[in-house]
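Undergrad: First, the structure itself, so that you have it in front of you.
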Amino acid sequence: RGHAIDDEESEGGLRAIAAPVRNHNGAVIAALGVAAPVQRMNKKLMQTCVPGVIETADAVSARLGYLPSRSRADF
Numbered sequence: 012r013g014h015a016i017d018d019e020e021s022e023g024g025l026r027a028i029a030a031p032v033r034n035h036n037g038a039v040i041a042a043l044g045v046a047a048p049v050q051r052m053n054k055k056l057m058q059t060c061v062p063g064v065i066e067t068a069d070a071v072s073a074r075l076g077y078l079p080s081r082s083r084a085d086f
C-alpha cells in the first residue's frame with residue numbers, strides 16, 4: 012500500500028496519513044505525515060491528500076539516494 016491511515020484509531024477526533032521515507036539501502040528511516048482534527052479533514056479530504064503524502068515521501072527518499080529497484084525486497 013505504501014502508506015498508513017489513522018482514522019481516529021489512535022486518538023479520537025484526529026485523522027492522519029503517513030508514508031515511509033527510505034534511505035539509499037531501502038531501509039525505512041523516517042515517516043512523513045499529515046494530521047488534522049476531523050473537523051478540518053473529512054474522509055474525502057483525507058483520501059485526496061494520500062497521493063501528495065506518498066509523492067512527497069518518495070521525493071525525500073529519492074534525495075537520500077533511494078532507488079525502488081534497489082529495495083531490500085530485491086536482495
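Under my numbering, the residue at position 57 of the sequence shown is numbered 68, and the numbers go up by one with no gaps.
For glycine and all other residues, C-beta sits at the position ideal for the given N, C-alpha and C.
Note that this is a predicted model, so its numbers are computed, not measured.
Contact between the region 61 to 81 and the region 31 to 50 is defined here as three or more beta-carbon pairs at a separation below 8 Å; is this criterion met?
TA: yes
Undergrad: Taking just the CA atoms, how far does Val64 sit from Pro79?
TA: Taking the CA atoms as reference points, Pro79 sits about 17 Å from Val64.
Undergrad: Measuring CB to CB, does Ala68 end up less than 8 Å from Ala46?
TA: Taking 8 Å as the Cβ cut-off, Ala68 and Ala46 do not qualify as a contacting pair.
Undergrad: How big is the Cα-Cα spacing for Glu22 and Val39?
TA: Answer to the nearest angstrom: the Cα atoms are 24 Å apart.
Undergrad: Spatial neighbours of Ile16 within its chain, please: C-beta separation below 6 Å, excluding the five flanking residues on both sides.
TA: Ile28
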